[in-house]
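Participant:
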Amino acid sequence: MTAAIYFAPDAYVLEGNQIMGRRAAGAAFLRAVVEGRDGGPVTAYTLGQQSVELFEKIVRGIDPAAPTNWIQLGRHDQVAALGTLHRADTAIGAEARMRLRAGPARFSLTGITHTLSTSSPLAKIGAYLTEPVMPWDALICTSSVARDVVRATLEQTADYLSWRLGAPAMPPPPQLPVIPLGIHSADWAPSDATRHAARARLSIGDDEVAVLFAGRLAYASKAHPFQMFEALRTVADRGDRPIRLLLAGQFFNETIARNFLADQRIYCPNVRCEHVDGADADLYAAAFGGADIFLSLADNHQETFGITPIEAMAAALPVVVSDWNGYRDTVREGVDGFRIPSWAPGPDAGENIAHGYEIVGNYDIYSSRTSTTVSVDMAQLVDRLAALVADPALRRRMGAAGRERVVAEYDWSVIYPRYRALWQELESIRTHESATAVTAEWLKRAPRAHPAHDDPFRRFASYPSHMITLDTPVRAASGASRAAYDALTGRLMFGFWKLEAGLAERVIVAAQAGPRPLGDIAREAGLDARLAIEQIARLAKMNLLILGDDAI
Numbered sequence: 302m303t304a305a306i307y308f309a310p311d312a313y314v315l316e317g318n319q320i321m322g323r324r325a326a327g328a329a330f331l332r333a334v335v336e337g338r339d340g341g342p343v344t345a346y347t348l349g350q351q352s353v354e355l356f357e358k359i360v361r362g363i364d365p366a367a368p369t370n371w372i373q374l375g376r377h378d379q380v381a382a383l384g385t386l387h388r389a390d391t392a393i394g395a396e397a398r399m400r401l402r403a404g405p406a407r408f409s410l411t412g413i414t415h416t417l418s419t420s421s422p423l424a425k426i427g428a429y430l431t432e433p434v435m436p437w438d439a440l441i442c443t444s445s446v447a448r449d450v451v452r453a454t455l456e457q458t459a460d461y462l463s464w465r466l467g468a469p470a471m472p473p474p475p476q477l478p479v480i481p482l483g484i485h486s487a488d489w490a491p492s493d494a495t496r497h498a499a500r501a502r503l504s505i506g507d508d509e510v511a512v513l514f515a516g517r518l519a520y521a522s523k524a525h526p527f528q529m530f531e532a533l534r535t536v537a538d539r540g541d542r543p544i545r546l547l548l549a550g551q552f553f554n555e556t557i558a559r560n561f562l563a564d565q566r567i568y569c570p571n572v573r574c575e576h577v578d579g580a581d582a583d584l585y586a587a588a589f590g591g592a593d594i595f596l597s598l599a600d601n602h603q604e605t606f607g608i609t610p611i612e613a614m615a616a617a618l619p620v621v622v623s624d625w626n627g628y629r630d631t632v633r634e635g636v637d638g639f640r641i642p643s644w645a646p647g648p649d650a651g652e653n654i655a656h657g658y659e660i661v662g663n664y665d666i667y668s669s670r671t672s673t674t675v676s677v678d679m680a681q682l683v684d685r686l687a688a689l690v691a692d693p694a695l696r697r698r699m700g701a702a703g704r705e706r707v708v709a710e711y712d713w714s715v716i717y718p719r720y721r722a723l724w725q726e727l728e729s730i731r732t733h734e735s736a737t738a739v740t741a742e743w744l745k746r747a748p749r750a751h752p753a754h755d756d757p758f759r760r761f762a763s764y765p766s767h768m769i770t771l772d773t774p775v776r777a778a779s780g781a782s783r784a785a786y787d788a789l790t791g792r793l794m795f796g797f798w799k800l801e802a803g804l805a806e807r808v809i810v811a812a813q814a815g816p817r818p819l820g821d822i823a824r825e826a827g828l829d830a831r832l833a834i835e836q837i838a839r840l841a842k843m844n845l846l847i848l849g850d851d852a853i
């Protein structure tokens, strides 16, 4: 089974954007969709032609023969034909609101976790309890810790609502499957030729052991560098092999870049360091191809999975990571590398931090304040790094184990079928649940829209003196004509709401036999019954039609 892809360029397009994990994951996922389509089309659910053309360009770049379909936003009847709409974020609650217009059981929704540490995604997840999110929907959690956060957020929101409403408030939540991010492992396949070329390009000496850090180069949003610098300095002091540090990624600005690199020179001056620009895809790949060890001491709550250790394992590098977040799912201690124990403050120690974030709303400050309280066991970190630096055979053994694991468990050829199986499972749940008598009766009572997006003429019904209905008498005003209509709609003040050619004229002609009920005029003119009142009301605004008693 396949799904329509909610195509927001920011979630899928790397070119011209800051390289971020969620974008890299989105681009890789879209490639997996194209390559795993089984001959069928790839369907974009998006707003306008510009996004459609970009989507088609990306798909053709992956497979020139791949057909594409476009479903315009709001065409839930077409989404229902596929059965599922997938978003690359947690915002399935907002999508569930819009689904009300078609019916809550017309199709399933899936989203995915990326960053969960900012207030926005947490609020979206908590809102699942008040939005029409159904048990046949799912939020894909990229790691077990991501699911822990989602569950805790739902439980805490339920407690909050129960207190506020004075009654239990825990409707059936969406499914919360754990499906990791994937990579295209063939892109990272190591070879002697690749290694020699990469080391030559990066000027890595034959005797140097190259340690790679890859990802955002920042103090607060990936991995604070201090303990990495200190550990590498200590290992370099103790050993007899020179160490080369490759910092592969992008700095957010020149100030961070200048200070980050200055910190390296201060805290590990005995290690030769080079910044590898993450915006250069070939150079970034060369860093993985030429390195000997991968090191990532993630320490921030923003990280829920962490794709870079998977990329390093695919490149047959042994990995040394903090025992933190999604790294715990992907790196097997002593097999693919080493997980270094981490320490962080326990519950209730962060109330002041939470309060400060709530007041100021500055996520960078919040992330810095939390991540600088997270540390790893330095003695163990130094020992593990020293062992890998000194033992090429250990590096090869762990690298080979990691490569084997990625190919078997994290390649998109393995991961994407899990998405398709999930979509099939959700369809089965939807079909079964919506057919039960109790659920079917409950679904019949579903509103057609969320109160915030109700029919404006219902919401503001007390504003006018009179309401226009299908029974309202209507006649043509003196001088009403196609020419008068064209003159008015040729101006900006009415130009946004032109009727198709000839339709306004047919309405005016039908109204010239009036006064007649609006519904009769609409039928004779061939107006869409759903839009007839709005369109005839606008012609009255133009003084081309007269309404009510004055029309008699």
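Using our numbering, you'd call the opening residue of the sequence shown number 302 and step up by one each time.
Backbone N, C-alpha and C fix where the C-beta goes; we use that ideal spot for every residue, glycine too.
Here the structure is a predicted model, which is why all the values come from computation and not from measurement.
Applying the 10 Å Cβ sphere with the 16-neighbour rule, what's the burial state of H733?
Facilitator: Numbered from its first residue, the sequence shown carries residue 733 at position 432. Looking at its Cβ environment, which holds fewer than 16 other Cβ atoms inside 10 Å, H733 is exposed.
Participant: With a cut-off of 8 Å on the beta carbons, I'd call F606 and A709 a contact; round off their distance for me.
Facilitator: Here residue 606 refers to the residue found at position 305 of the sequence shown. Here residue 709 refers to the residue found at position 408 of the sequence shown. No, F606 and A709 are not in contact; Cβ-Cβ is about 18 Å, not under 8 Å.
Participant: Which ranges would you report for the beta strand (DSSP E) in the segment 797 to 848 if only whole runs of at least 3 residues count?
Facilitator: Counting only runs of 3 or more, we get 846 to 848.
Participant: At 4 residues or longer, what runs of the alpha helix (DSSP H) sit wholly inside the segment 579 to 621?
Facilitator: You should have 582 to 591, 609 to 615.
Participant: Using C-beta distances below 6 Å, list every residue in its chain close to R323, excluding the 5 sequence neighbours before and after it, in chain order.
Facilitator: As a working mapping, residue 323 is identified with position 22 in the sequence shown. H415, listed in sequence order.
Participant: Does the segment 682 to 700 touch the segment 546 to 562, meaning 3 or more C-beta pairs lie closer than 8 Å?
Facilitator: No, the segment 546 to 562 does not touch the segment 682 to 700.
Participant: Per DSSP, which residues does E575 bridge with? Please list them.
Facilitator: Walking along the sequence shown from the start, residue 575 turns up at place 274. Note: E575 sits in a beta bridge opposite L547.
Participant: Near D665, what residues of its chain come up, given a Cβ to Cβ distance below 8 Å and the 5 sequence neighbours on each side ignored?
Facilitator: Here the question's residue 665 lines up with position 364 in the sequence shown. Taken in chain order, the residues that qualify are A521, S522.
Participant: Which residues share a DSSP beta bridge with P774?
Facilitator: On the sequence shown, residue 774 is found 473 positions in, with the first residue counted as 1. P818, per the DSSP bridge assignment.
Participant: Inspect the CB distances between the segment 721 to 729 and the segment 555 to 573 and report whether three or more fall short of 8 Å.
Facilitator: The answer is no - the segment 555 to 573 does not touch the segment 721 to 729, with fewer than three Cβ pairs under 8 Å.
Participant: Rounded to whole angstroms, what is the Cα-Cα separation between P299 and E509?
Facilitator: Given that the chain is displayed from residue 302 to residue 853, the structure contains no residue 299 and the question cannot be resolved.
Participant: Would you say L477 and L440 are within 7 Å of each other, going by their C-beta atoms?
Facilitator: Numbered from 1 along the sequence shown, position 176 holds the residue referred to as residue 477. Numbered from 1 along the sequence shown, position 139 holds the residue referred to as residue 440. Yes, the pair counts as a contact, with Cβ atoms nearer than the cut-off.
Participant: How far does the beta strand (DSSP E) with G412 in it extend, from its first residue to its last?
Facilitator: Taking the sequence shown and counting its residues from 1, the one referred to as residue 412 is at position 111. Per DSSP, G412 belongs to the beta strand (DSSP E) from 409 to 413.
Participant: Should V739 go down as buried or exposed, given a rule of 16 or more other Cβ atoms within 10 Å for buried?
Facilitator: In the sequence shown, the residue the question calls residue 739 occupies position 438. Exposed, since its Cβ has fewer than 16 Cβ neighbours within 10 Å.
Participant: Using three-state DSSP, classify V446 as helix, strand or coil.
Facilitator: The residue labelled residue 446 in the question sits at position 145 within the sequence shown. Note: V446 maps to helix in three-state DSSP.
Participant: Would H387 pass as a contact of I306 if the rule is Cβ separation under 7 Å?
Facilitator: Numbered from 1 along the sequence shown, position 86 holds the residue referred to as residue 387. Numbered from 1 along the sequence shown, position 5 holds the residue referred to as residue 306. It is a contact, given that the beta carbons lie within the stated cut-off.
Participant: In angstroms with no decimal places, state the Cα-to-Cα distance between A762 and W743.
Facilitator: Counted from its first residue, the sequence shown places residue 762 at position 461. Counted from its first residue, the sequence shown places residue 743 at position 442. Their backbone Cα atoms lie some 28 Å apart in a straight line.
Participant: Could you round the C-beta distance between R696 and D541 to whole angstroms and report it? I think they count as a contact, below 8 Å.
Facilitator: Mapped onto the sequence shown, residue 696 falls at position 395. Mapped onto the sequence shown, residue 541 falls at position 240. Incorrect: roughly 16 Å between the Cβ atoms, too far for contact.
Participant: Could you tell me whether the segment 808 to 818 touches the segment 834 to 853, using the rule of 3 or more Cβ pairs below 8 Å?
Facilitator: With the cut-off at 8 Å, the segment 808 to 818 and the segment 834 to 853 touch.
Participant: Does DSSP put I441 in a helix, in a strand, or in coil?
Facilitator: Mapped onto the sequence shown, residue 441 falls at position 140. It is a strand residue.
Participant: Please check the pair A750 and P405, which I expect to be a contact at CB under 8 Å, by giving their CB distance rounded to whole angstroms.
Facilitator: Position 449 of the sequence shown holds residue 750. Position 104 of the sequence shown holds residue 405. With a Cβ gap of about 12 Å, A750 and P405 do not count as contacting.
Participant: Could you give the residue range of the beta strand (DSSP E) that holds I372?
Facilitator: On the sequence shown, position 71 is the one that residue 372 refers to. Run containing I372: 369 to 373, per the beta strand (DSSP E) assignment.
Participant: Would DSSP call S418 helix, strand or coil?
Facilitator: Translated into the one-based positions of the sequence shown, residue 418 becomes position 117. Here S418 sits in coil by DSSP.
Participant: Suppose contacts are defined by Cβ-Cβ distances below 7 Å. Is E432 in contact with G394 by that definition?
Facilitator: Against the sequence shown, residue 432 aligns to sequence position 131. Against the sequence shown, residue 394 aligns to sequence position 93. Their beta carbons are under 7 Å apart, which means E432 touches G394 by this criterion.
Participant: Do V661 and G638 count as a contact pair if the criterion is CB distance below 7 Å?
Facilitator: Sequence index remark: in the sequence shown, residue 638 carries index 337 (1-based). Sequence index remark: in the sequence shown, residue 661 carries index 360 (1-based). No, the Cβ-Cβ distance between G638 and V661 is not below 7 Å.
Participant: Which word fits A832, buried or exposed, when buried means at least 16 other C-beta atoms lie within 10 angstroms of its C-beta?
Facilitator: The residue you call residue 832 lines up with position 531 of the sequence shown. Looking at the sequence shown, residue 832 is not Ala but Leu. Exposed: under 16 other Cβ atoms inside 10 Å.
Participant: Taking a contact to mean a Cβ-Cβ separation below 7 Å, would you say G327 touches S444 in this structure?
Facilitator: By 1-based counting over the sequence shown, the position of residue 327 is 26. By 1-based counting over the sequence shown, the position of residue 444 is 143. Taking 7 Å as the Cβ cut-off, G327 and S444 do not qualify as a contacting pair.
Participant: Assign W644 to one of three DSSP states: helix, strand, or coil.
Facilitator: Residue 644 sits at position 343 when you count from the first residue of the sequence shown. Strand at W644.
Participant: The beta strand (DSSP E) with I306 in it runs from where to where?
Facilitator: The residue labelled residue 306 in the question sits at position 5 within the sequence shown. Per DSSP, I306 belongs to the beta strand (DSSP E) from 305 to 307.
Participant: E728 to A498, Cα distance in whole Å?
Facilitator: Residue 728 sits at position 427 when you count from the first residue of the sequence shown. Residue 498 sits at position 197 when you count from the first residue of the sequence shown. Roughly 49 Å between the two C-alpha positions.
Participant: Considering Cα atoms alone, identify which of D829, L455, F797, D772 is closest to R817.
Facilitator: Residue 817 sits at position 516 when you count from the first residue of the sequence shown. The candidate whose alpha carbon is nearest that of R817 is D772.
Participant: Report, in whole angstroms, the separation of the C-beta atoms of H525 and D581, which I expect to be a contact under 8 Å.
Facilitator: Taking the first residue of the sequence shown as position 1, residue 525 is located at position 224. Taking the first residue of the sequence shown as position 1, residue 581 is located at position 280. Rounded, the Cβ-Cβ distance is 25 Å, inconsistent with contact.
Participant: So, helix, strand or coil for G246, using DSSP?
Facilitator: No answer is possible for residue 246: it lies beyond the span of the chain, which begins at 302 and ends at 853.
Participant: Just to check my reading of the structure: F408 and V380 have Cβ atoms closer than 8 Å, yes? What is that Cβ distance to the nearest angstrom?
Facilitator: Here residue 408 corresponds to residue number 107 of the sequence shown, with the count starting at 1. Here residue 380 corresponds to residue number 79 of the sequence shown, with the count starting at 1. Rounded, the Cβ-Cβ distance is 5 Å, consistent with contact.
Participant: Should A812 and V775 be called a contact, given that it needs their Cβ atoms to be closer than 7 Å?
Facilitator: Counting from 1 along the sequence shown, the entry for residue 812 is found at position 511. Counting from 1 along the sequence shown, the entry for residue 775 is found at position 474. In contact: A812 and V775 (Cβ atoms closer than 7 Å).
Participant: A367 to A616, Cα distance in whole Å?
Facilitator: Taking the first residue of the sequence shown as 1, we reach residue 367 at position 66. Taking the first residue of the sequence shown as 1, we reach residue 616 at position 315. Cα-Cα distance, rounded: 29 Å.
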